[in-house]
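There are 4 protein chains.
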Amino acid sequence: MIKIGVVGGTGYTGVELLRILAQHPQAELRAITSRKEAGMAVSELFPSLRGHVDLAFSDPAAAALEQCDVVFFATPHGVAMNDARRLVDAGVRLIDISADFRIQNVAEWEKWYKMKHACPELIPQAIYGLPEVNRVAIRKARIIANPGCYPTAVQLGLLPLLQAGAVDAAHLIADAKSGVSGAGRKAETHILFSEASDNFKAYGVPGHRHGVEIVQCLAQIIGSDIGLTFVPHLTPMIRGIHATLYARITHEFDFQKLYEERYARERFVDVLPPGSHPDTRSVRAANTCRIALHRPQGGDTLVVLSVIDNLVKGASGQAVQNMNLMFGLDESLGLAQVPILP
Amino acid sequence: MIKIGVVGGTGYTGVELLRILAQHPQAELRAITSRKEAGMAVSELFPSLRGHVDLAFSDPAAAALEQCDVVFFATPHGVAMNDARRLVDAGVRLIDISADFRIQNVAEWEKWYKMKHACPELIPQAIYGLPEVNRVAIRKARIIANPGCYPTAVQLGLLPLLQAGAVDAAHLIADAKSGVSGAGRKAETHILFSEASDNFKAYGVPGHRHGVEIVQCLAQIIGSDIGLTFVPHLTPMIRGIHATLYARITHEFDFQKLYEERYARERFVDVLPPGSHPDTRSVRAANTCRIALHRPQGGDTLVVLSVIDNLVKGASGQAVQNMNLMFGLDESLGLAQVPILP
Amino acid sequence: MIKIGVVGGTGYTGVELLRILAQHPQAELRAITSRKEAGMAVSELFPSLRGHVDLAFSDPAAAALEQCDVVFFATPHGVAMNDARRLVDAGVRLIDISADFRIQNVAEWEKWYKMKHACPELIPQAIYGLPEVNRVAIRKARIIANPGCYPTAVQLGLLPLLQAGAVDAAHLIADAKSGVSGAGRKAETHILFSEASDNFKAYGVPGHRHGVEIVQCLAQIIGSDIGLTFVPHLTPMIRGIHATLYARITHEFDFQKLYEERYARERFVDVLPPGSHPDTRSVRAANTCRIALHRPQGGDTLVVLSVIDNLVKGASGQAVQNMNLMFGLDESLGLAQVPILP
Amino acid sequence: MIKIGVVGGTGYTGVELLRILAQHPQAELRAITSRKEAGMAVSELFPSLRGHVDLAFSDPAAAALEQCDVVFFATPHGVAMNDARRLVDAGVRLIDISADFRIQNVAEWEKWYKMKHACPELIPQAIYGLPEVNRVAIRKARIIANPGCYPTAVQLGLLPLLQAGAVDAAHLIADAKSGVSGAGRKAETHILFSEASDNFKAYGVPGHRHGVEIVQCLAQIIGSDIGLTFVPHLTPMIRGIHATLYARITHEFDFQKLYEERYARERFVDVLPPGSHPDTRSVRAANTCRIALHRPQGGDTLVVLSVIDNLVKGASGQAVQNMNLMFGLDESLGLAQVPILP
């Protein structure tokens, strides 16, 4: 059994992580911390966990996280970096679902996240936890930078094209739509039910942190610069990301075959038959990314549709997938659940 | 492994049954029938089942249902009764998620369901599949009349009071709210998104089939007549039933204790601490009923709040719970999943 | 033209009031105050008002409210009572959409609203602004206590029965469902989109301020005590209240006729034909209350269905209706808009 | 007063047209036809119209449409073209909210709408009813082809760029998101509440009728070919279209100024300040298009955000705007309503 600590269990990635771990045959939850809710039973805050998680939130200072095999950070940005040194030195592996270790360029990170990084020396050790790209490195990692939700959907959707050199990499467009849970469980006006329901809007068009993350990772993979216009939108649904990706074809391929072969051995990437339009609910509460390809009117623009559940493949599910890899388990252990439909 | 047939796999109780059975360690799906979709892969209609269910829909006439151990009917009312005789004679057990065997009084059934019953002689053999009441009989049953969604929520909410003789059984009120999936996956105008969302309404106030079912079952349990005003409402959510129950107290009890003791050994009924207000999402996609008790302002009216997922404890989950009982398995096998929140 | 001030224009009753007043032929908006947003254009916070409201929010201290003919308070509870004395002394009429003047018994108010009342001596002057009951007094009022949203729907639904002495007034039940905008535009976790959508729950079952308001007002009308069990629920829609009311019949009437006659001359109360089930969207964005009556199975329990838009007839629309009465205008001036459907 | 007939009053564009006309000071509704609901009071089908529309649906054959000044067609495609000749010959003006007269190339129309056109000889007389482009011609038109909802949002968003020759017109991208009411009030499975809510999907990516309409109209305006990748998506909201438009800059302009000047005198197009992100609810139930411009990271791709209410500026509101022009009225008569927020 893997001894597990969770820092920050009161947000949506936290409760989703607990849901998955509570059903994972090798997971032994040791501590769930929350400064604010210390002492309260986890299942009092989240009655959905009654009978599944018996722990109470503990104060981060008091939790014996050093005795865990792995600690997940389901915290706001800027928390994991403060605890990382201590845990890594104690031999604990760390999976950071927040963004503290995603951007290799510290100055860039500090610009976009508007704070000083607490342990820049650890960033080079962190492995970007997208198993479909970094599986080998993940197995040996001490620190996992778990990918953002948009970056997961966009990268899985664009990877085969870029690795094949099939499209104009300087002018990619990612028009992405996210359910409201992607904004977290913070008390903020713009994500109130009466603001966000029966409504649709773009946000962050001038620039968004996830755009930087995508560009960095894709550029590393293909070894040259990337140009991306990334426009996220807030969609009146709880879970789900739908990325609609546009790329200008520069070299002809059998694109359907290209994708099917690239992902043939990937358990959590599902390339749909030609002509498909994946809906986000087809992956609701599951760790799957579904992808479909279109070439409208036979033109020179390829359209890729990529859907994930932002809280699972876009956050906590992928984090557990990474844990499975790090501890030599079957990559899909505890992650085989059927999506919830309707 | 239990060899299983499913008749009518294209509706919401059907796809939910497939979701549960696909993860059930003792279930072997043999056939899923649909007259209309015969030949189509199940996962084409429901991409959420890709990789989990490999069967295609088969024509009801061609499916070798007689070779199954159990056949579930996830059909509209009036289908199961036509196949029941043949299957029962072939030694197949039958779990009818529709209403064909729920009402013992044939004339009453025919009045409310507006058709002639095809096998009235089998009705007395059918066991009403509410395990919390009929567990012993269910184990030996050949035909299970799986309870309706509203009746499950209302009966579990009222049972302890009625069995204790604590309230005026002649003037019960059940104000019940259901998610739209309770209306099925039929193409009907009133359940279109643009009609049912951002909207709320009562329906069937003059009389509703489920009112008859509740009255019959509760009257049998306490051995005397019941008076119930039952008002269902359509609520803009996909899944979930919230029953708000009102009863006039005639004999004083420690009501919290009464409920906790009544359900102490019930795996799927969760009595919440005093002061609780269960929300429907706390049981989303799970086979649990959560109940809370209130006595507003210390008056003589008791308010019971009872929530279920209409497609799970209110339909397909309860059907699998019944299957487990019929085949001597652990009652909760394949039904231990954590609710999906948010 | 009526010179109008609005205190607290950043909440939902505020923006709804501005929407209505912007289209009112006799309304001249002079000042809209907000301590927090002072200086910002109203249409910057609410782009829906671009081209309709040209004012900026002003600081409450700086706004010349004394020079208005009438001042609306669309504030949280506890604000209006602090300004009331000054405005009344300046000859300004005051319409308080919050609860500061609704409860005649000061001790009761202080218990439920958990603060000391700032001007108890003005409470007796305040007229409860339910035009269907207090039309004559409203015309001459200096201070209007605009009714709460639930109380409007429940009182209009029960009035004819109680005034006729037709039912057991000691055991009334009001099972009420409200859209989330009823909770206001405050940044609170429980009304986030991801908490409140696809979910349903009761709240405040042990006791709710609006229950007290309803009981006080109905008791005054019939001149004797009232017993009411009031259970509010949070419903995943933006606007709308649906009150389902249960009363035990003590004297027989032609109830349909009773209601039709009681409301025959009421412009904003619409008694539906027998057998109807009003949906909340049928009054969306309009100042109408629609009511339908049912007597299920011919029993002794009457079921009344009453729907309003909580922000219009349940708040700002009714406030303008009161203003019309106070200034001798046609009661429906500026309030004749057709509901928005779908 | 303008004598008005409405053919097809049971769909969403129909009921929205009735809502607007009921409040229009110069509109006199003479007949509302529905083959299926003939004889039923309009307000029985749509209780929101109680007290506002007193007519009953009449049979199309019996309605004296020839005596109207103008007849609106709020019908499925393929109906208006059958009645057009007769009405035009009788001197009646015709505003077709469906697509029968939108595509000038008959073969193209027949290919996309999969039927034979009944009166190809009338197509050249039809004026495409986008007032911001065709105002002069609309005033004298006998037949108006009212634009589609997507085409309205996309064209208003792209017009200034194309007319200025500022972007690569051969590689435009329109990623458009529509509320579900855009699919009409037909009983179809995919737009059921339980299918379309808490879900998001693209559709029609290989090709969509509205793409053809947009390309034809924009090409006419600039006098040369257009290349457009148009991807529509179904969004879980009732009303609203959000078009996110991408264009590669070929000639530099002050784009904000370009848009502000182009639409300076347009009553129903609102160019937002730099940095804005319009939400669809900011135009809910109103005849306004709001537009914002972005140039992410100062690159060579311009992003235009364009929102409308699909039932108003995208259908019935624009139809009334056209009527106002045709009858010499103030273009905004009856269309000045404030959007509904929240």
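Chains as they are written, first to last, in the working numbering: chain E, 1 to 342; chain L, 1001 to 1342; chain F, 2001 to 2342; chain S, 3001 to 3342. Using N, Cα and C, we set each Cβ at its ideal position, and we do this for glycine too.
query, result
"Closer than 7 Å between beta carbons: that is the criterion. Which residues of the stretch 185-212 of chain E meet it against chain F?", "Arg185, Ala187, Glu188, Thr189, Ile191, Leu192, Phe193, Ser194, Ala196, Ser197 and Asp198"
"Cutting at 7 Å between CB atoms, please list the residues of its own chain near Trp960 of chain L, excluding the five before and the five after it.", "Absent from the structure is residue 960 of chain L, since the part of chain L shown begins at 1001 and ends at 1342."
"Cβ closer than 7 Å: which chain L residues qualify as neighbours of Val3079 of chain S?", "Ordered by position in chain L, no residue passes the 7 Å Cβ test against Val3079 of chain S, which lies about 19 Å from the chain."
"Name the one or two DSSP bridge partners that Lys3003 of chain S has.", "S:Glu3028"
"Could you name the residues of chain F that Gln1297 of chain L contacts, counting a contact when the two beta carbons are closer than 7 Å?", "Gly2207"
"What does Gln1337 of chain L reach in chain E if we use C-beta pairs closer than 8 Å?", "Gln23 and Gln337"
"Within 10 angstroms of the Cβ of His3251 of chain S, are there 16 or more other Cβ atoms? Answer buried if so, exposed if not.", "exposed"
"So if DSSP puts Leu1087 of chain L in a beta bridge, which residue, or which two residues, is it bridged to?", "Answer is none; Leu1087 of chain L lacks a bridge partner."
"Applying the criterion that 16 or more other CB atoms from any shown protein chain within 10 Å of the CB defines a buried residue, is Arg1086 of chain L buried or exposed?", "exposed"
"Pick from S:Ala3145, S:Ala3166, S:Gly3334 and S:Leu3122: whose alpha carbon is nearest that of Ala3099 of chain S?", "S:Ala3145"
"Using the rule of at least 16 other Cβ atoms within 10 Å of the residue's Cβ for burial, across every protein chain shown, is Met3346 of chain S buried or exposed?", "Chain S is shown only over 3001 to 3342; residue 3346 of chain S falls outside these bounds and no answer can be derived."
"To the nearest angstrom, how far is the alpha carbon of Asp2083 of chain F from that of Ala2074 of chain F?", "13 Å"
"Is Ile1214 of chain L near Ala1170 of chain L, with beta carbons less than 9 Å apart?", "no"
"Residues in the stretch 2124-2147 of chain F with C-beta within 7 Å of chain S's C-beta atoms, listed in sequence order?", "none"
"Counting along the chain, where does the beta strand (DSSP E) carrying Ala1285 of chain L start and finish?", "Looking at the DSSP string, Ala1285 of chain L is not in any beta strand (DSSP E), and its letter there is neither H nor E."
"Buried or exposed: which applies to Pro296 of chain E, given that a residue is buried once 16 or more other Cβ atoms fall within 10 Å of its Cβ?", "buried"
"If Asn310 of chain E sits next to Gly157 of chain E, beta carbons under 8 Å apart, how far is it from one beta carbon to the other, in whole angstroms?", "Not really, about 14 Å apart at Cβ, beyond 8 Å."
"Along chain L, in chain order, which residues have C-beta atoms closer than 7 Å to that of Ile3382 of chain S?", "Within the shown structure, residues of chain S are numbered from 3001 to 3342, placing residue 3382 of chain S beyond reach of any answer."
"Quick one: what's got a C-beta closer than 6 Å to Pro274 of chain E's C-beta in the same chain, skipping five residues either side?", "Gln256"
"Can you name, in chain order, every residue of its own chain whose Cβ lies under 7 Å from the Cβ of Ala2045 of chain F, other than the five neighbours on each side?", "According to the sequence as given, residue 2045 of chain F is Leu; it is not Ala. The answer, listed in chain order, is Thr2010 and Glu2037."
"Could you tell me the boundaries of the beta strand (DSSP E) in which Ser3306 of chain S lies?", "Thr3301 to Ile3308"
"When Cβ atoms are compared, which residues of the stretch 2237-2267 of chain F fall closer than 8 Å to chain L?", "Met2237, Ile2238, Arg2239, Gly2240, His2242, Thr2244, Tyr2246 and Arg2248"
"Return helix, strand or coil for Ile1123 of chain L, following the three-state DSSP convention.", "helix"
"Are the CB atoms of Val3106 of chain S and Phe3230 of chain S nearer to each other than 9 Å?", "no"
"Name the two residues that bound the continuous beta strand (DSSP E) containing Leu245 of chain E.", "Ile241 to Arg248"
"Show which residues of chain S have a CB atom less than 8 Å away from the CB atom of Tyr1012 of chain L.", "Ser3194"
"Looking at chain F, which residues of the stretch 3311-3341 of chain S have a Cβ within less than 9 Å of any of its Cβ atoms?", "Leu3311, Ala3336, Gln3337, Val3338, Pro3339, Ile3340 and Leu3341"
"Of the choices S:Leu3049, S:Gly3204 and S:Gly3005, whose alpha-carbon is the least far from that of Lys2338 of chain F?", "Inspection of the sequence shows that residue 2338 of chain F is occupied by Val rather than by Lys. Among S:Leu3049, S:Gly3204 and S:Gly3005, the Cα nearest to that of Val2338 of chain F is on S:Leu3049."
"Tell me, please, which residues DSSP counts as bridged to Phe1193 of chain L.", "Answer is none; Phe1193 of chain L lacks a bridge partner."
"Any beta carbon of chain S sitting closer than 9 Å to that of Gly1179 of chain L?", "yes"
"What alpha helix (DSSP H) runs, 4 residues minimum, are completely inside the stretch 165-221 of chain E?", "193-196"
"Answer yes or no: does any C-beta atom of chain S fall closer than 9 Å to that of Asp2083 of chain F?", "no"
"At 9 Å on the CB atoms, spell out the chain L contacts of Asp270 of chain E, in chain order.", "Pro1047, Arg1050 and Gly1051"
"Which one or two residues does DSSP pair with Ile143 of chain E in a beta bridge?", "E:Leu94"
"State yes or no: is the beta carbon of Pro2151 of chain F nearer than 9 Å to at least one beta carbon in chain S?", "no"
"For Asp346 of chain E, which residues in chain S fall below 9 Å Cβ to Cβ?", "Only positions 1 to 342 of chain E appear in the structure, and residue 346 of chain E is not among them; the question remains open."
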